[in-house]
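One structure is given below, encoded as structure tokens.
Number of protein chains: 4
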Amino acid sequence: MSKIRLGMIGGGLSSFIGIVHRIAAYIGEEYTLVGGAFDTDYDNAIKFANKLELDPSRTYPDIDTFIEKESALPSDQRIEAVVVVTPNFLHYPMAKQLIQAGFHVICEKPVTNTAAEAIELEELVNKHKVVFALTHTYTGYPMVRQMKSMIAEGIIGDIQKVDAQYYQGWINPVIHDPEKRKSVWRLDPAKAGQSCCMGDIGVHAFNMIEYTTGLKTLKVLSDLNTLYADNPLDIDGTAMLRFEDEVRGIVRASQIATAEENSLRISVYGTKGALKWEQEDPNYLYHLEDGEPVKVLKPGHVYASEFAKQSTKMAPGHPEGIFDSMANLYIGAAKAIRGEEYIDGAFPTIRDGVRGMKFIEAVLESDKNGNTWAEIDD
Amino acid sequence: MSKIRLGMIGGGLSSFIGIVHRIAAYIGEEYTLVGGAFDTDYDNAIKFANKLELDPSRTYPDIDTFIEKESALPSDQRIEAVVVVTPNFLHYPMAKQLIQAGFHVICEKPVTNTAAEAIELEELVNKHKVVFALTHTYTGYPMVRQMKSMIAEGIIGDIQKVDAQYYQGWINPVIHDPEKRKSVWRLDPAKAGQSCCMGDIGVHAFNMIEYTTGLKTLKVLSDLNTLYADNPLDIDGTAMLRFEDEVRGIVRASQIATAEENSLRISVYGTKGALKWEQEDPNYLYHLEDGEPVKVLKPGHVYASEFAKQSTKMAPGHPEGIFDSMANLYIGAAKAIRGEEYIDGAFPTIRDGVRGMKFIEAVLESDKNGNTWAEIDD
Amino acid sequence: MSKIRLGMIGGGLSSFIGIVHRIAAYIGEEYTLVGGAFDTDYDNAIKFANKLELDPSRTYPDIDTFIEKESALPSDQRIEAVVVVTPNFLHYPMAKQLIQAGFHVICEKPVTNTAAEAIELEELVNKHKVVFALTHTYTGYPMVRQMKSMIAEGIIGDIQKVDAQYYQGWINPVIHDPEKRKSVWRLDPAKAGQSCCMGDIGVHAFNMIEYTTGLKTLKVLSDLNTLYADNPLDIDGTAMLRFEDEVRGIVRASQIATAEENSLRISVYGTKGALKWEQEDPNYLYHLEDGEPVKVLKPGHVYASEFAKQSTKMAPGHPEGIFDSMANLYIGAAKAIRGEEYIDGAFPTIRDGVRGMKFIEAVLESDKNGNTWAEIDD
Amino acid sequence: MSKIRLGMIGGGLSSFIGIVHRIAAYIGEEYTLVGGAFDTDYDNAIKFANKLELDPSRTYPDIDTFIEKESALPSDQRIEAVVVVTPNFLHYPMAKQLIQAGFHVICEKPVTNTAAEAIELEELVNKHKVVFALTHTYTGYPMVRQMKSMIAEGIIGDIQKVDAQYYQGWINPVIHDPEKRKSVWRLDPAKAGQSCCMGDIGVHAFNMIEYTTGLKTLKVLSDLNTLYADNPLDIDGTAMLRFEDEVRGIVRASQIATAEENSLRISVYGTKGALKWEQEDPNYLYHLEDGEPVKVLKPGHVYASEFAKQSTKMAPGHPEGIFDSMANLYIGAAKAIRGEEYIDGAFPTIRDGVRGMKFIEAVLESDKNGNTWAEIDD
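Chains as they are written, first to last, in the UniProt record's numbering: chain D, 1 to 378; chain Z, 1 to 378; chain F, 1 to 378; chain H, 1 to 378.
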């Protein structure tokens, strides 16, 4: 069984996120990076290819050439899967082209700019029967997967409350100065899309809820904050969620939670117990039950679920981190690409992308309509 | 300077809360328990007095007799301050009687059943010039007071976001069984008043916000949950808060956060930094600033504020707990009773009671009106 | 059943430790402070008595008068138990006098200056059949008692390793300056006795080991550090311990563990599991087992041992602290004084005092003899 | 600048440690795995090469062939650096051969079986001017490097006490059953060498001390435990350390610390402050100072030392783990191999290997000689 031939759009010398994806691809030893359109500056793209000792003939000036030339190669040489790590607004058109050309796609978040575009991609993915992996990175942590397994097995019973937080503080140092603000592309609707905070991080919290619990969000009521009238995008917000059976949830997100780093947390309370997890200490899962000591689960133990076991490489006490989490998504996608069996949730799909975009749009709608309930259809 | 002569209404043999207040009174060595109306069963009241070696002649069968007899004593013998630890619905009428009779009052929470009653008590307190201390116990912790001092000094700048949580799980084991539910007085509107979760614990989170930050809440939008249609009172709820200058806050409260113990937490984010505190680990205060290591403050150090210093009895590393926290309220009230100077916030007052009741009523109103904003006046 | 009439030697206006003991006595409502010899300055003693509203006729100028006058009172008026909170070197002679006069004694640590003196006290306690409680305060924490119960029940199997730490940093700011050093009585052998670090805190770690495990230490090998040649007393040291059956232990103690507060920790490893506890977070007990999630036990739960239950006053999630811990010793001693049944370990006794002094002397001997094994007899 | 051509001895299909090293090599994108002698079973070696899509012509049946064939290649094709991940007893002879043949070596721990062998390797490394990296993995964590930088800069002043712990529990489930014990190669002197606990993990704690502090250990006094007379190797032990200027240290190591995972911890106390770190939560460094709040440092911040910055790939709040730590050693070694400048400590060298072996032998000697001091020369 050979490695999967991987291409990359974007991710060249000046890219921060490209290396993250490459490391994730390396870790499982399932992929070989073969070529790509790494940079809009072709000279830089070639420099990058040389640095990585890639075949320069498979470094392309743009995605159109990439698709054209790769599609012309025999199927046992052609790139099979493509990582899209371009600026956000290009995710949708590029993913669309790639899907239509029959490539499997591993796409950075956000999947699209609108829910309609995400739905369109979903239809194309189904039509072209390609694998589409959306890198909601945090879903790859072993203890998140342990949580998903335990909830699915009914260990905490019926869920009665969910609370998810994603607090960062990085906008605080720039938001109070209109000049500094201009340097932040996430605050520019042309580059960042409809939302800053909810679109970038609130959606992670939302995804984490639906991913771990399997609950479907029916409607949201949100209160967003731009802090200054001349700042067009939300940088803080709270959303109340309503699931089936009147189950309640909360998504709290902020980029002005001063000096918070990357505090994604989720607590799920059920009739038989609760599970709590925090991204900054990802190797700890807290299991609470009435009248019992709190149980602290860690990766690599005999008590791990099959899904968590498959997502852990080392013996207990050897902390794995964010790269390992993303690597688990790549490993999951590799199984799908190869047509092997894999555990549901092994990687987020275009379905997660559709749900996320619908959440973002509903949250914006609720806030615009005076903090009233906005529905999210399937 | 002699000790303050203290009376107690309720708090006898079968009372859980009575001993908490007595310990709080003992710790500062500022009060002597002299007498009271400890029990509706007079025999038990006398047994209790004997157990504590109190003068039985000052153990009264009821509050009316208490007031009548004590008022008849010379001023240097008369009980000066009275602790009200009766069932909730009696707080208001008894506090009212005592204030009108010129006694200082130390009253358990909730202060009244309605905001209107609290406002009435406030007018009486002002008219009769008595001290009224409301035992929002958690405000007595040294690190809460450190937080209040630091915010007042501007150390975290202007506040831009506040998030307070009060999660408990104790109702989970009873709520799913209609029979078990009946045994819980907090679920009975006749005994518990208008609200269970928000009235009992949400209000603590609200008070903690206004206490530490000095912010005034202008309006709330809430979503409450009774979980079952035949359960009349909220056992879970979220409220979005709006303060002056568009500052946003959240109060999250639950009694079905399965297996949570008493998880009161507050995070306050300002333009220059943030402060975070948790009741279950009360001797730690986290101070975050952009680009700085997180600072962990603990009691008893040279860096403590004057207010925190006055609220700490031991050297660093000797954990104080909930009794010590409540003792700090008693010590603060003693200063007020004696007419000595004291730091603002040394004990919660009837003002806190009024604010709390207004919060509860606004939260109920918002929820009833389809999760719309409800205003809170001064 | 009336309260126990309590006296106090030392503990007056200028005393730090006196209030700690009084609070501990108040909390359980088992004692009434009746009189004492509170201060070597009689005027101050009277001032103190007045402040506490004690009968001045039972405030005595010295311990001899105390014993004489109290002994002359009828038995139903006479002080029954006496707290000794004088400077360290006076503990032994005063405890001795009190025991010989038939008083129960609650004595601060260290019990004596030498092991021989402690043995003498033990003989007197047995002869005069009085209760002698030694305030090894940390043994009163509910989770320490839970640990003791669980080990006694065999829950962690046979013990194979014990590691106890007591790290403080308070001597760091003075030790490097010979002038500052002079101001510290603990560094003066005339006042502090044979040892500073091991005598003051190492002995707590040792006691915690023998208290929780029931193991008996047979010999020690120690390495002590004075840091400077002109500093006569140890301020840091490590001791290897050998128990029965070749079980090994470690006591690590330091007063130059810079900026540590009061970090007493113990870890006990057995064939079936382990238990870990830390004094600065006293309400958490960690139970480890092969292949199981770590269990975190907290006070007040249904799973608590009877002993832990008796040592907890509040519902889960309401942190109790150091005063509550010491109060538990007073409550235990009250049972003994009244001749009621009590759980073994309810308060440390003169036996703990003897063991502790033997440990200190063995540690000093080992270090003096070039870090060789020194035996500890029974 | 091309990638470094990497070879590997051992590490094939059945190897656990091979993948760890490959991931570490991949992460920095500095190495290309070209060939090796992956397995003593040549068929398996070829299968492995095929799985990784390596050139089968550079998969060799044994190290001799590897050296012979690779040495015959032109210098711009020849493998430059070789990873040794064979069973422990082969590290020394294979490393020796490779050094003598002019290859750079990246060697798993333990470097050799004896100190004499390590000294011999050191002489060869110096003579042949090759790079020798010893994978003391934990030295690659950003916060360990931050600690090293801060101590070197004098931020905690002169060191006065060091305490390092390495506790695991994995031997507990096998040690009590002589049959199970036989299945554990680490308990077999023929395979594990002179020591089990001290040789495998105690030496990590020792290395962490010398690595972070720069202190040189002059002598040790140890107490080792085999638990059963018929178990030939230590599985638990404590060593007292003496550095220059009478500075004291402790190394505590155990493999029968029941249910501990991989608890490597170090605390360094100096005249101006202290630093504490734990391997299981590697992204937190605690900085203590007299009279100051505890400062918690994390990776990726502006306050990081240059060395820590170079060892961090992500923004704050994105936890890196053990693979990233080892990758940092590979990145450091790459700089040395290329002749680029690098920060001292960028990777552990043969010097660390020599010191570690001397420590192990001194610890064994001390224990054998009745727990007496054993010296460690340079």
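A virtual CB, placed ideally from N, CA and C, is assigned to each residue, including glycine.
Please say whether residue j and residue i have beta carbons closer to each other than 9 Å?
i      : j      : result
L221/F : L364/F : no
L288/H : A259/F : yes
E244/D : K272/D : no
V343/F : Q255/F : The sequence given here places Ile at residue 343/F; Val does not occur at that position. No, the Cβ-Cβ distance between I343/F and Q255/F is not below 9 Å.
G345/Z : Y211/Z : yes
K47/D  : L6/D   : no
T59/Z  : A45/Z  : yes
A253/Z : G237/Z : yes
Q146/Z : A308/Z : yes
H301/H : G291/Z : yes
Y330/Z : A25/Z  : yes
When the cut-off is 9 Å and only beta carbons count, does residue i lie next to chain H?
i      : result
Y26/D  : yes
H128/Z : no
Q100/F : no
Could you give the C-beta distance for residue i and residue j, rounded to a whole number, given that I count them as a contact under 8 Å?
i             : j      : result
T137/F        : M326/F : 5 Å
E246/Z        : S263/Z : Wrong, their Cβ atoms sit about 28 Å apart, outside the cutoff.
residue 383/F : V203/F : Outside the shown range of chain F, which is 1 to 378, sits residue 383/F, and nothing can be said about it.
Y92/F         : I175/F : The pair is not a contact, with the Cβ atoms about 28 Å apart (cut-off 8 Å).
A81/Z         : I119/Z : No, A81/Z and I119/Z are not in contact; Cβ-Cβ is about 23 Å, not under 8 Å.
P299/F        : M143/F : 6 Å
Quick one: does residue i have its CB under 9 Å from some CB of chain Z?
i      : result
E292/H : yes
N371/D : yes
I156/D : yes
Is there a Cβ from chain D that is less than 9 Å from the Cβ of residue i?
i      : result
A205/Z : no
A315/H : yes
L288/Z : yes
K309/F : no
Taking only beta-carbon atoms, is residue i less than 9 Å away from chain F?
i      : result
V302/D : yes
L6/Z   : no
D163/H : yes
K148/Z : no
L297/D : yes
L221/H : yes
Given 8 Å as the limit, tell me if residue i has its C-beta closer than that to any heavy atom belonging to the ligand PLP.
i      : result
D188/F : With respect to small molecules bound, the structure shown includes none, and the ligand PLP cannot be examined in it.
| message | Give me the subset of the region 166 to 178 of chain F whose CB atoms are less than 7 Å from a CB atom of chain H, sorted by chain position. | response | With the criterion set as a beta carbon lying under 7 Å from some beta carbon of chain H, the members of the region 166 to 178 of chain F are G169, N172, P173 and H176, in sequence order.
| task | Using a Cβ-Cβ cut-off of less than 7 Å, list which residues of the region 225 to 241 of chain H approach chain F; keep chain order. | result | Along the region 225 to 241 of chain H, the positions whose C-beta sits under 7 Å from a C-beta of chain F are N225, L227, D236, T238 and M240, read in chain order.
| task | Tell me the start and end of each unbroken beta strand (DSSP E) in the region 18 to 97 of chain Z that is at least 3 residues and wholly inside, in chain order. | result | Counting whole runs of 3 or more residues, the region 18 to 97 of chain Z contains the beta strand (DSSP E) stretches 31 to 37 and 81 to 85.
| request: Name, going along the chain, the residues of the region 242 to 259 of chain F whose beta-carbon falls closer than 8 Å to a beta-carbon of chain Z. | output: For the region 242 to 259 of chain F, no residue has a beta-carbon sitting nearer than 8 Å to a beta-carbon of chain Z.
| request: Residues of the region 130 to 144 of chain F with a CB closer than 9 Å to any CB of chain D: list them in chain order, please. | output: Identification of residues in the region 130 to 144 of chain F having a C-beta nearer than 9 Å to some C-beta of chain D yields an empty set.
| task | Any chance you could list the beta strand (DSSP E) runs of at least 3 consecutive residues sitting entirely within the region 184 to 209 of chain D, in chain order? | result | None, since the region 184 to 209 of chain D contains no complete beta strand (DSSP E) of that length.
| Unbroken alpha helix (DSSP H) runs of length 4 or more, entirely within the region 142 to 189 of chain D: which are they? | Within the region 142 to 189 of chain D, the complete alpha helix (DSSP H) runs of at least 4 residues are 142 to 152, 172 to 175 and 178 to 182.
| message | Along the region 313 to 338 of chain F, where does the CB come closer than 8 Å to a CB of chain Z? Name the residues. | response | Answer set for the region 313 to 338 of chain F: K313, M314, A315, P316, G317, H318, P319, E320, G321, I322, F323 and D324.
| task | Closer than 8 Å, Cβ to Cβ, to anything on chain Z: give me those residues from the region 266 to 282 of chain F, in chain order. | result | Residues of the region 266 to 282 of chain F with a C-beta less than 8 Å from any C-beta of chain Z: Q279, E280, D281 and P282, listed in chain order.
| request: Name, going along the chain, the residues of the region 25 to 53 of chain Z whose beta-carbon falls closer than 7 Å to a beta-carbon of chain F. | output: Answer in chain order: Y26, I27, E29, T32, L52 and E53.
| task | Taking only runs that begin and end inside the region 248 to 275 of chain H, name each unbroken alpha helix (DSSP H) of 4 or more residues, in chain order. | result | Counting only runs of 4 or more, we get nothing.
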